[in-house]
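If you read the sequence shown in our numbering, its first letter stands for residue 10, the second for the next number, and so on.
The beta carbon of each residue, even a glycine, is placed where N, CA and C say it ideally should be.
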Amino acid sequence: MKIQGWMFLLCGLFFAAADVVYWFWSKEPTGTTAMAISVGLALMIGYYLLFTARRIGDQPEDNKEAEISDGAGEIGFYSPHSWWPLFVCLSAALTFFGFAVGWWLFFIGLFCTVMAMIGFVFQYYRGNFSH
């Protein structure tokens with residue numbers, strides 16, 4: 010994870026330099042803002058990866074002499090039968106649609122989004138699949 014973190018940080022620095030050059034060359038605010046957002050996203054992901062790598066230690070991809078089989082095994086838990094991501098996406102779409110239609114629909118969508126996110130987070134705390 011350390012290598013990926015440093016790659017994202019270097020991409021963020023490159024985007025920052027390209028953003029400054031783009032601003033002085035074009036004076037166009039839309040492209041400059043898009044590049045600035047790219048800088049922020051790259052630096053945020055790089056920081057997260059370096060922070061996580063420091064917390065969990067060296068991974069097989071950080072070892073130059075590691076084999077592919079060193080990374081084998083359980084990676085995490087995936088919920089194969091969950092409907093909650095669909096509800097989160099539909100309610101988020103309703104929320105963003107509320108920006109175009111009216112505030113009343115925005116608040117209904119916001120409520121639905123919060124409820125769907127609560128259901129998504131706590132789906133394995135109740136019912137047949139509780140641990």
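When the Cα atoms are used, what is the spatial distance from F17 to A27?
So the alpha carbons of these two residues sit roughly 15 Å apart.
What first and last residue would you give for the alpha helix (DSSP H) that runs through M16?
M16 -> alpha helix (DSSP H) spans K11 to S35.
Taking only three categories from DSSP, how would you classify R135?
R135: coil per DSSP, three-state reduction.
If contacts are defined as beta-carbon pairs under 8 Å, then G118 and L95 qualify, I think. What distance do you get, rounded to the angstrom?
That pair is no contact at about 15 Å.
Would you mind listing the beta strand (DSSP E) stretches within the segment 50 to 79 that are 3+ residues and don't spill past its ends, in chain order?
Taking only runs of at least 3 residues, no beta strand (DSSP E) segment lies wholly in the segment 50 to 79.
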